[in-house]
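Okay, so here's the structure we're looking at.
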Amino acid sequence: MSVINTQTPPTGPAQKVAEFHTPLILGEHGLCPGCGEPVALRILLETLQELNLVQRTIGVVGHGCYGSFVRIMDIDVLQCLHGRAPACATGIKRMRPDTAVFTLQGDGDMVNEGLQEVIHAAARGENVTCILLNNGVFGDTGGQQTATTVLGQRTKTSLEGRDAEKHGYPIRIADIVASVDGAGYVARGAVNTAREVMRTKRLIRNAFESQLAGEGLSLVEILTMCPTGWFVTAPDGPDYLESSMTAAYPLGVLHSRSAEAN
Amino acid sequence: MSVINTQTPPTGPAQKVAEFHTPLILGEHGLCPGCGEPVALRILLETLQELNLVQRTIGVVGHGCYGSFVRIMDIDVLQCLHGRAPACATGIKRMRPDTAVFTLQGDGDMVNEGLQEVIHAAARGENVTCILLNNGVFGDTGGQQTATTVLGQRTKTSLEGRDAEKHGYPIRIADIVASVDGAGYVARGAVNTAREVMRTKRLIRNAFESQLAGEGLSLVEILTMCPTGWFVTAPDGPDYLESSMTAAYPLGVLHSRSAEAN
Amino acid sequence: MSATAPVAEMAPLELLEGSTAIARAAILSNCRFFAGYPMSPFTGLLENMAKLMPAAGGVCINAESEIEGVNMVIGAASTGARAATGSCGQGIALMQEAVAEAALNETPLVIFNMARNQQDYFQCTRGGGWGDYRTLTLAPKDVPEAVEHTQLLFHLADKYRAPVILYGDPLIAQTRVGVRLAAPDLEPLAPKDWALDGTMGGTGKSRQVWTWAMGKVTDPGLGPDGHWRAVADKFEMIAAAEQRWESAYADEAETLVIAFGSAAKFTEYVVDELRAEGHSVGWFRPITLWPFPGAALAQATRSSRRVLVYELNAGQMLDDVRQFVHDRDTVRFIGGVSIHESGLSYGPLLDAPVLRDRILAAMAQPTER
Amino acid sequence: MSATAPVAEMAPLELLEGSTAIARAAILSNCRFFAGYPMSPFTGLLENMAKLMPAAGGVCINAESEIEGVNMVIGAASTGARAATGSCGQGIALMQEAVAEAALNETPLVIFNMARNQQDYFQCTRGGGWGDYRTLTLAPKDVPEAVEHTQLLFHLADKYRAPVILYGDPLIAQTRVGVRLAAPDLEPLAPKDWALDGTMGGTGKSRQVWTWAMGKVTDPGLGPDGHWRAVADKFEMIAAAEQRWESAYADEAETLVIAFGSAAKFTEYVVDELRAEGHSVGWFRPITLWPFPGAALAQATRSSRRVLVYELNAGQMLDDVRQFVHDRDTVRFIGGVSIHESGLSYGPLLDAPVLRDRILAAMAQPTER
Amino acid sequence: MLDSTSEHELLILGIGGQGIQLIGKTLAQAATSSGRHAMLAAEYGGEMRGGPSQATVVIGERPLRSLPILASAGSAIVMHDRFCGVVPERLRAGGLLVVNSSIVDPAAAGDGYRVGGLPATDIARELGKPQTAGFIMLGAFNALTGLVTHEQLVDAMRSLLPPYRIEHADSNAAALLAGSDAARDLELSGTVAA
Amino acid sequence: MLDSTSEHELLILGIGGQGIQLIGKTLAQAATSSGRHAMLAAEYGGEMRGGPSQATVVIGERPLRSLPILASAGSAIVMHDRFCGVVPERLRAGGLLVVNSSIVDPAAAGDGYRVGGLPATDIARELGKPQTAGFIMLGAFNALTGLVTHEQLVDAMRSLLPPYRIEHADSNAAALLAGSDAARDLELSGTVAA
Amino acid sequence: MSVDSKGTLVIDVELCKGCELCIAACPPTVLEMSSEVNAMGYRYPVLHEGCTGCTACQLVCPDAVFEVYRLQV
Amino acid sequence: MSVDSKGTLVIDVELCKGCELCIAACPPTVLEMSSEVNAMGYRYPVLHEGCTGCTACQLVCPDAVFEVYRLQV
Ligand SMILES: Cc1ncc(C[n+]2csc(CCOP(=O)(O)OP(=O)(O)O)c2C)c(N)n1
Ligand SMILES: Cc1ncc(C[n+]2csc(CCOP(=O)(O)OP(=O)(O)O)c2C)c(N)n1
Ligand code: SF4
Ligand code: SF4
Ligand code: SF4
Ligand code: SF4
Ligand code: SF4
Ligand code: SF4
Ligand SMILES: [Mg+2]
Ligand SMILES: [Mg+2]
């Protein structure tokens, strides 16, 4: 099989159907090979563009590997304390009700340190969109157990695998938020296959539309690969996600105020 | 109608069927007239007696009007920081697995300041029993809105009544905890009528039995009157509870691991 | 020096509880976001804000905890709004991470520490958050001054892009006094071109509020090393520029009594009485607890033979007095821990007769020089 | 004075990372409960505890946050178990409420502040929790000393029923060094008859651990006023009894360099070098940051003509040096904020050649006296 | 009754449920409305029925120098004898002491004061409004001191009533008047200082 | 090679993925097992492939006084030229500098040192284990300095392998040996200090 | 004691805070508030004939005012 | 360009981190990892004939390595 020249665009008639990335990404992110977080970032920013929100959006970014996205996102951003993004987003949205406000948080950030913040913000019905990058570990600190680590998963602080007796059970935060009055839209996606990437992008779009419609807090939980924190190779990431995480965290729309109203 | 002498016990043949209070209560509590919290305390302590747990129980008490119960409970007690009782109880139970450990918290304590603590403790499946005295206000600080204040309720910080648009929605904490893996037993009772007092006592008993069986975290939410914080008269407390709170917080058993196993 | 926010003298005198007066002063200073969690004696301020904010077109949120409250305020302030929170003791302790954050990411906050007593001097002046930051702290001696300080603090927070603290107490929160309220008339400030409004997305110049100040790959910032040094330099600048104090009879008194906040009001009262009786005594009052008016204290104590420190705690301001007093050997502590049986206010040591006795007893002791 | 926990010299030399060595030392000191939340460079200690605790029959919990972690530890310690947590910077900031609580309700905790640098001196020494409390803080200069301090801290925490802190840093957490580990051999302590075990219910003598120490209606306690005064007195007693320091050449040196922790190790190294070259220089090192060894510093600086303070922050220990140094005018600050570009460790200022240059530059300046 | 530099300090003592804070507030509000500087400081402690309740009011022509915890007071109103130990501690010699003689024995009220006993609880009962004893005392006290005009006092009382309590305005006004009237017949006993 | 008071300080420089930390750890462990005091300090910074990686090892007979950030070093191993600016800053004149000559030009390595070039990457490739270049360098360095015995080095390497990597033990041992052998033929160039 | 009563009470009136919860709770409505007040100023319940000894009053009373007896007839 | 391909790519090989997610994601399996490495030491994908221009590779790639074209025939 001959190898095609992929150094330059095709010379014949052709239509560009996918860019390297949106212009809202200013450069390289520096995350690990095979990490799912940059994929989530890309579809998030593409959505803002498609919804024409680029010049009326404020992002609030927590602490985790995605924290370094602040350096490459061409969006107004508050980099906030670990776990507190929903509270900060509340203050922002209340003072700038005409903007679209989102948080970008990991499972450690949202389901460990800031569990209270997101549930309270949901109950208050704050019109903000929370994007959760759930990889079931603290990636940034090297792969320790979080509140969403699935049973059996080995981490640096559950060396024999997470055991319910010793380490407790994982929390399905999207289900909790969906059950709270004040939530507008809650869904769970993943980025382990092209199909899920596309679907998840739709979920994100729905969430922002829900925010713009003033339905209350919207949350999109995105399962992302963390080969480094899972101690698997990068190519094995998507399958590991599929086999271990989606069983514990089924994908789909969990709550939609507008859909339920119809 | 003649008035009966009630200064001394009857002289004829009679059986005492109810004491003033259990000997585990050492004296007067100093709470407001018509407060529901002392009733909850009494049935809690009676349950410990009936389960023969008096000399193997450690209580952890949060901050609220019930905080002053520490002065009258003849039980080993850690008076802990506002909201943190489930975390403290975790440390206690892990180091003293043979004791029965309970927390005594209000809605402000558990559902505001310490929402995270109780959900995480439930997810970890800690074998402790959490007793929530839910009166829908911060009683101790004079009647401000908590995370469980029902819609329409007037408080010092929701002067026109709690309005979902402005103040968000109340949180049904027992439902959340019941939905978390790691919870052993979750129920909701009230103390506004004699019947509910009796029923609630049974719920407390179930909760401790669940703890002793090692089923995970048990939670009994008890709706209690706070005439002072509700700005109603003491005699109106029970009806106010019935009409405003039980609609938002239906009574009953929400989750029982042992029952579900059968 | 006692720089003040000039308040129109012509405003009518109103009898207001401290908490109400402070809330109104804040709103007159264009505070438009408040989030707080009840805790005595801060609760009254929260209740007043909840009552008054809507009519002012602002927002007051029943934050579900102090941590959420202060972080909401960081969010609001990051958009350029004037925003405040408050609490006391334990509640302020819970905010320390966020106060440090605000100092290091340069969001202006006003924090009302309506403390239960004077045991939180270290909490205000040394923070205990993390990193090199300080919090400008004003300690009013009574309600009218609390009004003035409130207005000044919103100004200084914006001027320096830093969190600042009002150190009040139950006497300030709960006493009703006649006060005059008007919008403050303070020097104009630079526009907040750093504030997030969402408009700069996609321009390559989108804004960041970030403790680490890393900037963007296309336009790198100072990063933690450079930025934190710059912030430390800013605090050094504030330390030099914003020291406030007042004192009386320092040059003509053998004994100088140092006190802050309400205790200073008691000190002033008792010293006046003692001077009227012919005693050689004066007083010195730090108005800013940080920056501590060290040079002024050194100057004020140049000829003192006895420096008495009266604070209602185990001796926290002592650490600052000892650093700057002209002669450390002259310092005596006449304060102490003193708590009301409710746990919520001062005990019997904050009282003019007690203070009087302690000063007289100290004056009966021989001096060091 | 440098009181130490005697470690059996005969234990084998093992090459251990600081985090591992500290974890093992803690377990050898009978620490049986640990709860923590990851944060660099504390994370390694947490991971080691998670690995080693089960075999020791203890518990290590993946606390979901620092606040939950420290409160779990209060719970565990209230039963009499030796218990510890840790973090750094922001994580420790979140614990301040609980540290104050433990100080005031007298539960012994050990807190490993594996800091990213020296910017958290105020955090350790002034707390910022609430109320009048202090935290005994040991700042080891290297891994072997961190082992010794760890064991001493569990002892002192129990002895004084108080929270205590190890102030480490990335060099201590992450450097591997040959260390000898053995169970410490320290003076016996009183039994913990205050500890909650649940057995006293219904006897009228059931136990309480309570910050306000109100006791029972049938047997009233001191209440906040009396209890907090008693606690303040206890801290004064600790302040007098537990000052630790070391110093060299103080009496024979024109210039004295003051530093703590890792910076003190660098200082010792550089001063040795300079002395070998004939310079008149010595060093002084506070081992306890609180209680600060003030009297020893005053003594050590009695004949110094130049007192140089080298700390990797904007000048926090300076507050303590200025309080106690023999002559404040001799003090010069030669440290500064210096952060690694990762934000997680020291920047270039913690380095022997840099320190050497700064000392020499300072020595080239005229002195005050 | 006040010169331009002096300050009038009043202690009001009683037990929870007697409306101590409300009458303090009324006097302070009346003084403020009349252009004077006033301060009302409450001793902390719940308002639990039967517990101690204390308020202090200071009035002056200029910004006040008095402390929120009074060093000493020139006058006192005592509604109940359970918690009035403060009087000998703080009331200056020669000060004015008005006691609710329905409950407190004026003779036992202490030496060295100008003491007036007013059976406020009895008068209130006669008026059919037992809860207004406090306003009766206040009306009397104000009549004795002339700190504000009677009209100012009544206006202040009205302005402080929340809308849902406005029906009490008339009975409170009647009580103030009854107190003021009773004061006219009052004879002050005890040592009268200059 | 060490007297009782001196300390041997070694800098190991390369890029992420070359096993810099592992060879540092091996040497420090070998020294510790032989009863010596050792220290291994890592420069912070991720181990991201292609990024800088640096370890320092100090060995002495007594508790060490060397700093975790070396003031200066007596020797250095340089595996890659991308981040070796530290050498002229910290390697003492006359120090021993062993470079991976498959990647780094020994001639350009700096003046005033005893320089030995070892084509470690090439040798490793010949051995069929390109990842073992680091152990080849370590074997050679140890042969040149005699800090520990070859056996101690091999034992330390084995003891540090986690169970699931134990299959690498033999190829690592082979690499250590190859390095040690190559060192025999190595001629040190550059200024030789006393 | 009347033959109508199957039960009776001891009422510790000094502990009562007058909340009236017992009044509403008593199924045969044999409790009534006093016109007198106790030392704290509160009215308290008095018992009329017809008590069943059901303990409802004791169950709802926050202030431990009641001891309940069932009469053996 | 082969007639078999309905699409083609531009591959910015220097951005690639060799995670191979694109390889598994490509429905017609026309991507293969190179044997060469880029400047960072990573192998990267090369394209064989048969690309459909479906953009799956671009969708899953974390490192923005792909630009996708659909050929107009
Ligand atoms: C209060 C506080 N505690 C701990 C940390 C350290 N920390 C930084 S990132 C991180 C892990 C975050 O995990 P997650 O949000 O899941 O993101 P990931 O790295 O997995 O993408 C932690 C614990 C911190 N920054 N602040
Ligand atoms: C950190 C902290 N914040 C605030 C408080 C003040 N506080 C004490 S009790 C209380 C109200 C508690 O409400 P709840 O738990 O519902 O109990 P209730 O008084 O209603 O019985 C509050 C806010 C505190 N003690 N600690
Ligand atoms: S550690 Fe995990 S989450 Fe972090 S960059 Fe690497 S793969 Fe992504
Ligand atoms: S305020 Fe409410 S909860 Fe507190 S004692 Fe009074 S009635 Fe009970
Ligand atoms: S025991 Fe039953 S019947 Fe008798 S008074 Fe009480 S509630 Fe009424
Ligand atoms: S329920 Fe108890 S406190 Fe209330 S009125 Fe009846 S007896 Fe009194
Ligand atoms: S565009 Fe589709 S077919 Fe073409 S290489 Fe990418 S994944 Fe394969
Ligand atoms: S998915 Fe992207 S980074 Fe990964 S191998 Fe393919 S091109 Fe390279
Ligand atoms: Mg994660
Ligand atoms: Mg409540």
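Residue numbers (our numbering), protein chains in the order written: chain A, 1 to 262; chain B, 263 to 524; chain C, 525 to 893; chain D, 894 to 1262; chain E, 1263 to 1456; chain F, 1457 to 1650; chain G, 1651 to 1723; chain H, 1724 to 1796. Quick reminder that beta carbons are idealized off the backbone N, C-alpha and C, glycines included.
1. Starting from the N-terminal side, write out each stretch of the alpha helix (DSSP H) that is 4 residues or longer and does not extend beyond the region 949-1002 of chain D.
2. Would you say PRO694/C reaches chain B, if we count a Cβ-Cβ gap shorter than 8 Å as a contact?
3. Pull up the distance between the alpha-carbon of THR1043/D and that of ALA349/B, whole angstroms please.
4. Ends of the alpha helix (DSSP H) at HIS1493/F?
5. Does the distance between the C-beta of LEU1744/H and the nearest non-hydrogen atom of ligand 8 fall short of 7 Å?
6. Would you say SER68/A reaches chain B, if we count a Cβ-Cβ gap shorter than 8 Å as a contact?
7. Using a Cβ-Cβ cut-off of 8 Å, state whether GLY62/A counts as contacting chain C.
8. Does DSSP classify CYS392/B as helix, strand or coil?
9. Taking contact to mean 3 or more Cβ pairs, one atom from each stretch, closer than 8 Å, check whether the region 268-279 of chain B and the region 211-230 of chain A are in contact.
10. Against chain A, which members of the region 945-966 of chain D pass a CB distance test of less than 7 Å?
11. For the region 1439-1446 of chain E and the region 1557-1573 of chain F, state whether three or more C-beta atom pairs, one from each stretch, are separated by less than 8 Å.
12. Can you name the residues of chain C whose CB is closer than 7 Å to the CB of ILE1331/E?
13. Which residues in chain A have a C-beta closer than 7 Å to the C-beta of ARG386/B? List them in chain order.
14. On the CB-based measure, 16 or more other CB atoms within 10 Å of its CB, does GLU117/A come out buried or exposed?
15. Starting from ALA183/A, trace the alpha helix (DSSP H) in both directions and tell me its first and last residue.
16. Using 8 Å as the cut-off, can you tell me whether the region 1023-1037 of chain D makes contact with the region 1222-1230 of chain D, which would need three or more C-beta pairs spanning the two stretches below that distance?
17. Please name the residue, chosen from PRO1562/F, LEU1478/F and THR1601/F, that lies closest to GLN1587/F on a Cα-to-Cα basis.
18. By Cβ distance below 6 Å, which residues in the same chain neighbour ARG42/A in space, the five residues on each side in sequence not counted?
19. Would you call the region 990-997 of chain D and the region 957-964 of chain D touching, i.e. three or more CB-CB distances under 8 Å?
20. Is there a Cβ of chain H sitting closer than 8 Å to that of GLY12/A, yes or no?
21. Hey, GLN144/A and ASN955/D: beta-carbon distance below 8 Å or not?
22. Under DSSP, the alpha helix (DSSP H) around LYS428/B begins and ends at which residues?
23. Decide if PRO1186/D is buried, meaning its Cβ has at least 16 other Cβ atoms within 10 Å, or exposed.
24. Consider the Cβ of GLU1743/H: report whether some Cβ of chain A lies at a distance smaller than 8 Å.
25. Measuring alpha carbon to alpha carbon, tell me which of GLU797/C, LEU842/C and SER828/C ends up nearest TYR834/C.
26. What ranges does the alpha helix (DSSP H) occupy inside the region 1659-1701 of chain G, keeping only unbroken runs of at least 4 residues that lie completely in it?
27. Enumerated in chain order, which unbroken segments of the beta strand (DSSP E) with a length of 3 residues or greater are wholly contained in the region 804-890 of chain C?
Let's see:
1. When DSSP assignments are scanned along the region 949-1002 of chain D, the uninterrupted stretches of alpha helix (DSSP H) that are 4 or more residues long and fall wholly within it turn out to be 959-971 and 982-998.
2. The beta carbon of PRO694/C sits no closer than 8 Å to any beta carbon of chain B.
3. One C-alpha to the other measures close to 25 Å.
4. Taken as a continuous stretch (DSSP letters only), HIS1493/F belongs to no alpha helix (DSSP H), being part of the beta strand (DSSP E) at 1493-1498.
5. True, at least one ligand heavy atom lies under 7 Å from that Cβ.
6. So no, SER68/A is outside the interface.
7. Not an interface residue.
8. Residue state for CYS392/B is assigned as strand, using DSSP reduced to three classes.
9. No: the two stretches stay apart, fewer than three of their Cβ pairs being nearer than 8 Å.
10. Of all residues in the region 945-966 of chain D, the ones placed with a Cβ closer than 7 Å to any Cβ belonging to chain A are ASN955, GLU957 and SER958, in chain order.
11. Too few Cβ pairs lie closer than 8 Å, so no.
12. Near ILE1331/E (Cβ distances below 7 Å), the residues of chain C are LEU874 and ASP875.
13. At a C-beta separation below 7 Å, ARG386/B has these neighbours in chain A: GLY168.
14. Residue environment for GLU117/A: buried (at least 16 other C-beta atoms within 10 angstroms of its C-beta).
15. Not the alpha helix (DSSP H): ALA183/A falls in the beta strand (DSSP E), residues 183-190.
16. No: fewer than three Cβ pairs fall under 8 Å.
17. For the residues PRO1562/F, LEU1478/F and THR1601/F, the minimum Cα distance to GLN1587/F belongs to LEU1478/F.
18. Excluding positions up to five away in sequence, the list reads HIS21.
19. Result yes; three or more Cβ-Cβ pairs closer than 8 Å.
20. GLY12/A counts as touching chain H.
21. Yes, Cβ-Cβ distance for GLN144/A and ASN955/D is below 8 Å.
22. In this chain, the alpha helix (DSSP H) harbouring LYS428/B covers 426-429.
23. Residue environment: PRO1186/D is assigned as buried (16 or more neighbouring CB atoms within 10 Å of its CB, all protein chains considered).
24. So yes, GLU1743/H belongs to the interface.
25. The residue with the shortest Cα to Cα distance from TYR834/C is LEU842/C.
26. Counting only runs of 4 or more, we get 1671-1675.
27. Whole beta strand (DSSP E) segments, 3+ residues: 805-810, 812-814, 830-833 and 855-857.
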